[in-house]
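Under this note's numbering, read the sequence shown as residues 88 to 624, first letter to last. One structure is given here, and the rest of the page talks about it.
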Amino acid sequence: MGVAASSAAALLLPAVLATAVDRDLSGTTGQGLLPLATVLGALTAAETLAQYAGPRATAEATARLRAALVRHIMAVGPHPARRTATGDLAARLTASAGEAGLSTQAAVYAVAQLAMAAGSVLALALLAPELAAAFLVTAPAGWLLLRRHLRRTVTRGEGYQRAQAAVAARLLDALAGHRTIAAAGTVDREIERVLRPVPELGRHGRALWDSQRRVAWSTGLLAPATQITVIAVAGHELSTGTLGAGGLVAALGYATLGLGGFGAAQSLLDLARARAGHQRVREVLAVPPQPPGLRALPPGPGRVELRGITVHTPGGTVLDGLDLVLPARRCVALVGRSGSGTSLLAAVAGGLMAPDRGTVLLDGTPLDEISPAALRAAVSYAFCDPELTGPTVLDALRAAADPLPETRVRAAARAAQADGFIRRLPDGYRTPLAEAPLSGGQRQRLGLARALARDSRLLVLDDATSSLDSATEAAVLRALDDSYGDRTRLVVTRRTATAARADLVAWLHEGHVEAVAPHHELWEVPAYRALFRGTDD
Numbered sequence: 088m089g090v091a092a093s094s095a096a097a098l099l100l101p102a103v104l105a106t107a108v109d110r111d112l113s114g115t116t117g118q119g120l121l122p123l124a125t126v127l128g129a130l131t132a133a134e135t136l137a138q139y140a141g142p143r144a145t146a147e148a149t150a151r152l153r154a155a156l157v158r159h160i161m162a163v164g165p166h167p168a169r170r171t172a173t174g175d176l177a178a179r180l181t182a183s184a185g186e187a188g189l190s191t192q193a194a195v196y197a198v199a200q201l202a203m204a205a206g207s208v209l210a211l212a213l214l215a216p217e218l219a220a221a222f223l224v225t226a227p228a229g230w231l232l233l234r235r236h237l238r239r240t241v242t243r244g245e246g247y248q249r250a251q252a253a254v255a256a257r258l259l260d261a262l263a264g265h266r267t268i269a270a271a272g273t274v275d276r277e278i279e280r281v282l283r284p285v286p287e288l289g290r291h292g293r294a295l296w297d298s299q300r301r302v303a304w305s306t307g308l309l310a311p312a313t314q315i316t317v318i319a320v321a322g323h324e325l326s327t328g329t330l331g332a333g334g335l336v337a338a339l340g341y342a343t344l345g346l347g348g349f350g351a352a353q354s355l356l357d358l359a360r361a362r363a364g365h366q367r368v369r370e371v372l373a374v375p376p377q378p379p380g381l382r383a384l385p386p387g388p389g390r391v392e393l394r395g396i397t398v399h400t401p402g403g404t405v406l407d408g409l410d411l412v413l414p415a416r417r418c419v420a421l422v423g424r425s426g427s428g429t430s431l432l433a434a435v436a437g438g439l440m441a442p443d444r445g446t447v448l449l450d451g452t453p454l455d456e457i458s459p460a461a462l463r464a465a466v467s468y469a470f471c472d473p474e475l476t477g478p479t480v481l482d483a484l485r486a487a488a489d490p491l492p493e494t495r496v497r498a499a500a501r502a503a504q505a506d507g508f509i510r511r512l513p514d515g516y517r518t519p520l521a522e523a524p525l526s527g528g529q530r531q532r533l534g535l536a537r538a539l540a541r542d543s544r545l546l547v548l549d550d551a552t553s554s555l556d557s558a559t560e561a562a563v564l565r566a567l568d569d570s571y572g573d574r575t576r577l578v579v580t581r582r583t584a585t586a587a588r589a590d591l592v593a594w595l596h597e598g599h600v601e602a603v604a605p606h607h608e609l610w611e612v613p614a615y616r617a618l619f620r621g622t623d624d
């Protein structure tokens, strides 16, 4: 609305100014000042409103797109046909949605600038047809040039955003596995891998900059050429008496406004970038959500069966026809070299990720047939770097679909060796989470306590004790055996002591389970011993 009012006021201004000039020259000084002041005031107010409304509209459009993306991503579920790399999703949520959010403001400004240019040409034609003809001599060349560069901008914009997403995806993967990378001594290789898409990113970025530079350079030449042509014709009309002094002023004003059509080039370039962003957002929104399972999970001891599990990633096949059984109420340690897919398998076993092929059964029921609420109640996770949410430490530990009794939470905190340091916080369990100074090991213990507090039949610990010292880890593992031994436990680990405490060890190698046996039996195999070399504290 502010842009439309600003355009209307701008189109009125040359006519009102011409009238004021004619009246002043005719001896009626001052009579044209009031209309001129009114139009100037309206123009100023409209421009002020437009400057406020434009960024706000962009921010609101971006927020709506991001909210829609988040809701859709959460509804899509973990199935492979609907799975996108975390870094790629992050890039779409930030960069692509931000670019797409420009569309409303860019479209409004482009339409307003083009309408103002068309109105200016019409006004020039009403003053003298020759003026409109003079303006239109060079304008078509400018628009043909602009159209060519707009197509290039859309193509390069999509390529730039895809390369940007590739860097983000690789970086997030590297950050998630930084401990493993450091332990394996592959930091330089990971840096090279993360930065591999950068040359492509630079190529698309330079092409975008070059396209904008060429548009600015071309319009920068065409605009003065058009203006000079109109001024020359207007001067001729003035000399022949066809045009008065006020008409000359109006012609100069409308020629200037008409050149604003060239200013639409930047808005159209923004619109082209927004189109590229919309395309990447639509790719996610176009994926239909996976219908949730509806079955209730029957009672059972927590036996997990993985049959023919295959998982592909952009880097290749990580799990290839894998079979594994987790006996009920037993602890199985999952070990393997960096990149062998231990964390991936842990995610598949608990339903956080669906395999490309294969079936996972919990007490005989396929995971994808279980209702989400029943599945999340049956499986609890603790991670290497847990995300803690909630106003207070107690709220972070009680995080669950159904509020957990405080007595159960405190018991879980004692088992996870977290109760002692929690009590030493300024307000104990009710200390605001944002004010609790937590080390990496303390965060892990809180994550463990949160998982233990839930009454689940399957407990998955994904490298969840890696930041604990040996004594604390031993105390946690004893508590797991003593107080939570009725749960099936899958423990991803790279520590000898943790594997030794487990009932069984599942050894992953090149997408398959190499062996399942007690740790002391596998220790006789040199290749197995090599897995732990340099990884123990």
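The C-beta atom is built at its ideal place from N, Cα and C for all residues, glycine as well.
Alpha-carbon to alpha-carbon, residue j and residue i
i	j	result
Gly-389	Ala-361	49 Å
Glu-277	Thr-173	17 Å
Gly-534	Glu-560	14 Å
Ala-162	Leu-454	16 Å
Arg-588	Gly-423	17 Å
Pro-385	Ser-543	13 Å
Tyr-615	Gly-598	15 Å
Ala-602	Leu-409	12 Å
Gly-89	Met-203	The predicted model places Gly-89 with a pLDDT of 48, which falls under 50 and marks its position as unreliable; any figure quoted below should be read in that light. In a straight line, the C-alpha of Gly-89 is about 14 Å away from that of Met-203.
Val-371	Ala-521	33 Å
Gln-504	Trp-594	28 Å
Leu-262	Asp-549	15 Å
Thr-494	Arg-511	18 Å
Thr-583	Val-412	22 Å
Trp-610	Ala-566	25 Å
Leu-448	Leu-393	7 Å
Arg-444	Gly-403	14 Å
Ala-146	Leu-152	10 Å
Leu-211	Gly-322	14 Å
Thr-575	Pro-414	7 Å
Ala-342	Thr-313	8 Å
Val-274	Ala-205	59 Å
Arg-642	Gly-272	What is shown of the chain runs 88 to 624, which leaves residue 642 out entirely.
Beta-carbon proximity check, residue i vs residue j, cutoff 9 Å
i	j	result
Arg-257	Val-281	yes
Val-547	Tyr-468	yes
Asp-573	Val-419	no
Met-440	Pro-165	yes
Thr-429	Gly-395	no
Ala-500	Ala-540	yes
Pro-519	Pro-478	yes
Asp-357	Ala-193	yes
Thr-476	Ala-486	yes
Val-320	Leu-218	yes
Arg-367	Ala-252	yes
Contacting residues, own chain, Cβ-Cβ under 6 Å from residue i (five flanking each side not counted)
i	result
Thr-149	Ala-184, Gly-185, Gly-188
Ser-554	Gly-527, Gly-528, Gln-531
Leu-564	Arg-588
Phe-619	Thr-583
Leu-491	Arg-485, Ala-540
Ile-160	none
Counted within 10 angstroms of its Cβ, other Cβ atoms place residue i as buried (16 or more) or exposed
i	result
Gly-515	exposed
Asp-624	At Asp-624, the pLDDT of 47 sits below 50, so the modelled position is not reliable; the number obtained from the coordinates is stated separately. Label assigned to Asp-624: exposed.
Ala-558	exposed
Ala-373	exposed
Gly-625	With the chain represented from 88 up to 624, any question about residue 625 goes unanswered, as that position is not in the structure.
Leu-213	exposed
Ser-207	buried
Ala-617	exposed
Ala-178	buried
Ser-326	exposed
Val-466	buried
Asp-489	exposed
Beta-carbon proximity list for residue i, same chain, < 8 Å, skipping 5 on both sides
i	result
Arg-382	Thr-452, Glu-456, Ile-457, Ser-458, Ala-461
Val-157	Leu-180
Pro-442	Pro-167, Ile-396, Thr-397, Val-398, Leu-406, Val-435
Thr-585	Ala-420, Thr-552, Glu-560, Leu-564, Val-578
Beta-carbon contacts of residue i that lie in its chain and below 7 Å, excluding the five residues immediately before and after
i	result
Val-254	Val-281, Pro-284, Val-285, Leu-288
Gly-292	Tyr-247
Ala-74	Residue 74 is absent from the structure shown; the chain starts at 88 and stops at 624.
Residue-level contact to chain B via CB, residue i, 9 Å cutoff
i	result
Pro-142	In the structure shown, chain B does not exist; there is a single protein chain.
Original post:
Residue ranges of each beta strand (DSSP E) run of no fewer than 3 residues wholly in the stretch 547-600, ordered along the chain?
Top reply: 575-579, 591-596
**OP:** Enumerate, from N- to C-terminal direction, the unbroken beta strand (DSSP E) stretches of 3 or more residues contained entirely within the stretch 463-491.
**Re:** 466-470
Original post:
Quick one: complete alpha helix (DSSP H) runs, 4+ long, within the stretch 149-193?
Top reply: 173-178, 184-187
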